[in-house]
Amino acid sequence: MDAAQEAQKREAFRQAVVNTLERRLFYIPSFKIYRGVAGFYDYGPPGCAVKANVLAFWRQHFVREESMLEIDCPCVTPEIVLKASGHVEKFTDLMVKDEKTGTCYRADHLLKDYCKDKLEKDPNLSAEKAAELKHVLAMLDDFSPEELGAKIKGYGITAPDTKNTLSDPYPFNLMFQTSIGPSGLSSGYMRPETAQGIFVNFKDLYYFNGNKLPFAAAQIGQAFRNEISPRQGLLRVREFTLAEIEHFVDPEDKSHPKFSEVSKLEFFMFPREDQGIVNNETLCYFIGRVYLFLTQLGIDKDRLRFRQHLANEMAHYAADCWDAEIECSYGWIECVGIADRSAYDLRAHTKLVITPVKKELGLAFKGNQKKVVEALEAMGEKEAMELKATLEANGEAEFHVCTLNKDVTIKKNMVSISKEKRKEHQRVFTPSVIEPSFGIGRIIYCLYEHSFYTRASKDGDEQLNVFRFPPLVAPIKCTVFPLVQNQQYEEVAKKIAKSLTAVGISYKIDITGTSIGKRYARTDELGVPFAITVDSTSSVTVRERDSKHQIRVNVEEVASLVKEVTDGTTTWADVQWKYPTHSS
398 MDAAQEAQKR EAFRQAVVNT LERRLFYIPS FKIYRGVAGF YDYGPPGCAV
448 KANVLAFWRQ HFVREESMLE IDCPCVTPEI VLKASGHVEK FTDLMVKDEK
498 TGTCYRADHL LKDYCKDKLE KDPNLSAEKA AELKHVLAML DDFSPEELGA
548 KIKGYGITAP DTKNTLSDPY PFNLMFQTSI GPSGLSSGYM RPETAQGIFV
598 NFKDLYYFNG NKLPFAAAQI GQAFRNEISP RQGLLRVREF TLAEIEHFVD
648 PEDKSHPKFS EVSKLEFFMF PREDQGIVNN ETLCYFIGRV YLFLTQLGID
698 KDRLRFRQHL ANEMAHYAAD CWDAEIECSY GWIECVGIAD RSAYDLRAHT
748 KLVITPVKKE LGLAFKGNQK KVVEALEAMG EKEAMELKAT LEANGEAEFH
798 VCTLNKDVTI KKNMVSISKE KRKEHQRVFT PSVIEPSFGI GRIIYCLYEH
848 SFYTRASKDG DEQLNVFRFP PLVAPIKCTV FPLVQNQQYE EVAKKIAKSL
898 TAVGISYKID ITGTSIGKRY ARTDELGVPF AITVDSTSSV TVRERDSKHQ
948 IRVNVEEVAS LVKEVTDGTT TWADVQWKYP THSS
C-alpha cells in the first residue's frame, strides 16, 4: 500500500470513529444551533462518563498511590502571576494572516501540512526533495520567524481557503485576556495551565506536609489556550481539561523510593541522543507510572512511545522533558508531558518581595490606603526595583495608582522592596519540580480510536461498530435486557438493576421489544462490556462484549459477579471456568 492509499485508509477510519462518536453523543461541537465556534466541544452522556472514569482512575493511580495533596484553584489568574512565570512574555505561537481576508493560521502547521501532503500524495516527488521535506519537518520547531516565513514563501504556500498570499509570521500570545473587577484596571488571564495555582501555594502546601520534602501536589481543572487555528477535533481545542502533578524534590537528591517498581518496564523511547538515559530516578519513575496508567486505560502499548524533547522544543521553564506520544489517525500525538521544571517556577514566584507598611500608608492615605497597597503589591520586578532605587536616592517617589487615576507620593518608610537572601545555620535550597501534565481530552480521543473496531453482524449483511473499552473506563458497565416483553422478566430485570445500583455499577436497562441481537449491537457501539439477559426468573445469562461468550448465573449472584469483573478483582477467564457456558 503506497502513502496515498495509507492516508485515505486513515481518513476513512477516522471518519467512521468520529461519525460514531457524534451520533452516539460521546461528544459534539458546542453551540451547534448557532453554527458553533471552532475549538469548543460538549461531552454528551457517554463521553462524560468515560471522562469521569478516566479522571477517577487518574486519582487512584497517582493521587492516592503517592499520597499527593490535591487542590483546586480559580481559572482566572492575575496578570502578575503569569508575568512572573514567563507566560505573558513567552507563551506564544507564530501566526500568519491571509492578506486579503485577515483569516489567521498557525505558521508551523501550514508548513507541516504542506510537507506531509507532498510526501504522502505526490508520486513524482524525487528522493532529494523528499529528504529535504523530511528535514524541514524535523527542524520545524527550530525555525525563527524569518526562517519560517522564508520557507512558506519558498514553497509557495498560500492561505488554505482562499489561496491568497500570507503575511510574514509574527508571535501571538495564546492566553485569553480578561479584566478582573468592574474598573477594567486589573488585568488577568484565563489560566493556560493549572500548575501556577500549585506553585503560588507551595509555602502553605509545604507547611501542610510537615515542612518535609519530597511531596507532590495535584490539580484537575480547565485550562484555556486561544489557539490560532483549532482543528483535529478534541486534539486541539481552546478549552480543555488538564490533570497536573507537581512533585517537589531536593535538587541534589532526585532518587525515588519506589523506582524499583517501574525499573523493569520496557517500552519505546526516543531520546535526544543515543545514550537512552533519563535525567533522574524521579523523572524516570513518573515515566513508568504514566506508561502503566495509559496502558491500563486501554491505550495500545505498541502505539505508545516516550520522546525526549529536542533542546529547541523545550518550554521556557523546563530542564528536561519527555512526551508520552500516542499514535492515532492524525499521527503521533503528544498526550502527556513529563518535565523536570527544575526550580524555575518557585524562583520565578519568590524572587521579589514587596511589603507595604500599612500603618504608614494608612496615616498618609486614610480611605485610599487599600488601593495604594494593592497597586504597590501588583508591581512587576522592573517597576519595583526602579521605585526602590528612587526611594533610596531621594527618600520619596511619585507613584501612579491606576484605581485612583493619579500619582501619589510614596516615602521610604511606607514600603519595603527586596530580593530576599537569608543566612541560616542550615542548608537552604530551592526545590526542583518534576511535572507530569496530562491532556485528558487527547488521551480520551486516542482511547476512542484504539478501542474502535467493526465486525460482521450475525447475518453477515452489515458491519457493526464496537468500542472495546476496558470495564475500568466504559461509560456503562452492563446492560439488563429481558429476552422478551414479559411482566415476570421485567420484574427480575428491575430487581437486578436495583442490586447493581447497590454495588455501585452503572447500567442501562432496555425493556423495548427490539430483537436481542439489535440491543446487543446498540450497546456494543457504546462500549458496554457486559450484558445481562433475563430469560428466566431464577437465572440469567451474562455476555462479554468482545468474545460474545455467555455464561449462566443465578439472579442473586449476578450483581456481585459483574462488580468483581469490572473492578478487576477477577477476570472473565476465571468467570468462564467457574460458571456454566450458555449457548444461544
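Residue numbering for the sequence shown follows the numbering used here, beginning at 398 and increasing consecutively. Think of the CB as a built atom: it goes at the ideal place given N, C-alpha and C, for glycine as much as any other residue.
Boundaries of the beta strand (DSSP E) harbouring MET587: 583 to 587, taken from the DSSP string. Distance from the CA atom of ILE893 to the CA atom of PHE927, rounded to whole angstroms, is 14 Å. In the DSSP assignment, LEU861 forms a beta bridge with ARG852. Closest option to THR920, judged by alpha-carbon separation, among THR966, ILE906, GLY910 and ASP932: ILE906. With a cut-off of 8 Å on Cβ pairs, the region 543 to 562 is not in contact with the region 428 to 448, counting fewer than three such pairs. Here DSSP, grouped into helix, strand and coil, assigns LEU760 to helix. Within the DSSP bridge table, the entry for ASN570 names THR489 as partners.
Here DSSP, grouped into helix, strand and coil, assigns PHE665 to strand.
From the listed residues MET666, SER813 and ILE841, the smallest Cα separation to LEU694 is found for ILE841.
Of the residues assessed, HIS797 falls on the exposed side of the cut-off, its CB having fewer than 16 other CB atoms within 10 angstroms. Shown here, ILE468 sits in coil according to DSSP, grouped into three states, outside any helix or strand. Boundaries of the beta strand (DSSP E) around GLN705: 701 to 705.
Comparing alpha-carbon positions, the option among ASP647, PHE645, TYR586 and VAL597 lying closest to ARG622 turns out to be TYR586.
In this structure, the beta-carbon distance from VAL962 to VAL952 does not fall below 9 Å.
Only buried fits LEU418, as 16 or more other CB atoms lie within 10 angstroms of its CB. By the CB criterion at 9 Å, VAL750 and SER652 fall outside the cutoff. No Cβ-Cβ contact shorter than 9 Å links ALA640 with GLN619. If you look at GLN593, you'll find it in the alpha helix (DSSP H) that goes 592 to 596. The C-beta of PRO879 has 16 or more other C-beta atoms within 10 Å across all chains shown, which makes the residue buried. Collapsing the DSSP output to three states places HIS506 in a helix. Less than 9 Å divides the Cβ of ILE625 from the Cβ of PHE569.
Under the DSSP assignment, GLY618 falls in the beta strand (DSSP E) whose first and last residues are 612 to 621. In this structure, GLN947 lies near THR930, with their beta-carbon atoms less than 9 Å apart. Taking C-beta atoms as the reference points, ASP964 and PRO868 count as a pair closer than 9 Å.
Assigned with DSSP and collapsed to three states, LEU639 falls in strand. By the criterion of at least three beta-carbon pairs nearer than 8 Å, the region 803 to 815 is in contact with the region 752 to 772.
Taking SER912 as reference, the option from GLU887, LEU897, GLY924 and VAL881 with the minimal CA-CA separation is VAL881. If you draw a straight line from the Cα of ARG633 to the Cα of LEU530, it is about 24 Å long. The continuous alpha helix (DSSP H) containing VAL962 extends over residues 952 to 964.
Straight-line measurement puts the Cα of TRP969 at about 31 Å from the Cα of PHE835. Exposed is the label assigned to MET536, since fewer than 16 other Cβ atoms lie within 10 Å of its Cβ. When beta bridges are read from the DSSP output, ARG949 appears opposite THR938.
Nearest to ARG949 by C-alpha distance, out of LEU801, ILE730, HIS979 and ALA871, is HIS979. Per DSSP, the unbroken alpha helix (DSSP H) holding GLU783 starts and ends at 778 to 791.
Annotation: the continuous alpha helix (DSSP H) that includes TYR886 extends over 884 to 899.
Ranked by Cα distance from MET666, the first of PHE656, TYR688, ASP650 and ASN677 is TYR688.
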